Ligand code: MLT
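Residue numbers (my numbering): 18 to 262.
Here you go:
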């Protein structure tokens, strides 16, 4: 298996696609997706475009849908949910489809839509993601960070490195064989630096600082930094639709 890490959707190659792909948005979209499915949501349907989201949500039974919308870290007006993993309680999301659009995370998923195997990863499920990849044995894997509007993000690189480390721990070979590009090797080194203090890295990250400026997000940070707290992996089962696996 050769794993290629790209910092943002813009950095992914313009043509071709890997055998498997992993979208990461630690703060907070992929963490929230994993927790929504853990708490019983029927599926997450991800949209880069808000008008498309609206049309798809309106076509779904009203008692079985929720709309989750975030821009700039804040909940979009008129949406039932923003993007906090703490808000997706079993009482609220159980049995519901969540129609979701976020600033960066849903754009990464959109970019990887055509992958034969597409997973959503965060720190909370990085060992489970590594396990799914080792089970599937794809020859090539693209791991895509979401970044922030085209810029690098510390927290997504940290999670990419955490996945590389989990693959190595679970018997995925040597770093030399696994790392397909320098970004993958650098992400692994970043994880080695922060692995004992992931929450500190999330708070240091520019989006972490943005969230702190918006208000108290202590519980979100603790949740997003809880490495391997979930065994569940959101898996694309039809274009744009993720279910628990
Ligand atoms: C995003 O997609 O950029 C995020 O998940 C932002 C956030 O809500 O923290």
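Beta carbons: idealized from backbone N, C-alpha and C, even for Gly.
For clarity, every value in this text was computed on a predicted model and none was experimentally measured.
Classified as exposed, residue 79 has fewer than 16 neighbouring CB atoms from the shown chains inside 10 Å of its CB. Within its own chain, the residues whose Cβ lies closer than 7 Å to the Cβ of residue 176, once the five positions on either side in sequence are excluded, are 41, 43, 138, 139, 140 and 143, listed in chain order. Residue 142 has its Cβ no nearer than 7 Å to any heavy atom of ligand 1. Sequence-distant Cβ neighbours of residue 29 in its own chain, meaning closer than 7 Å and more than five residues away, are 23, 128, 159 and 161. Taking 7 Å as the cut-off, the C-beta of residue 97 does not count as close to any heavy atom of ligand 1.
Contact annotation, residue 237 with residue 228: C-beta distance approximately 7 Å; criterion of less than 8 Å satisfied. Under DSSP, residue 251 forms a beta bridge with 261. With 16 or more other Cβ atoms inside 10 Å of its own Cβ, residue 119 counts as buried. Within the stretch 63-128, complete beta strand (DSSP E) segments of at least 3 residues are found at 82-88 and 114-118, given in chain order. DSSP places residue 143 in the uninterrupted alpha helix (DSSP H) bounded by 143-153. Within a 10 Å sphere around the beta-carbon of residue 31 sit fewer than 16 other beta-carbons, which makes this residue exposed. DSSP links residue 22 through a beta bridge to 160. In this chain, the alpha helix (DSSP H) harbouring residue 228 covers 223-231. With a cutoff of 7 Å, residue 87 counts as near ligand 1, since its C-beta is closer than that to a heavy atom of the ligand. By the criterion of at least three beta-carbon pairs nearer than 8 Å, the stretch 106-123 is in contact with the stretch 64-71.
Secondary structure of residue 214 (DSSP, three-state): coil. A distance of 8 Å or more separates the beta carbons of residue 195 and residue 207.
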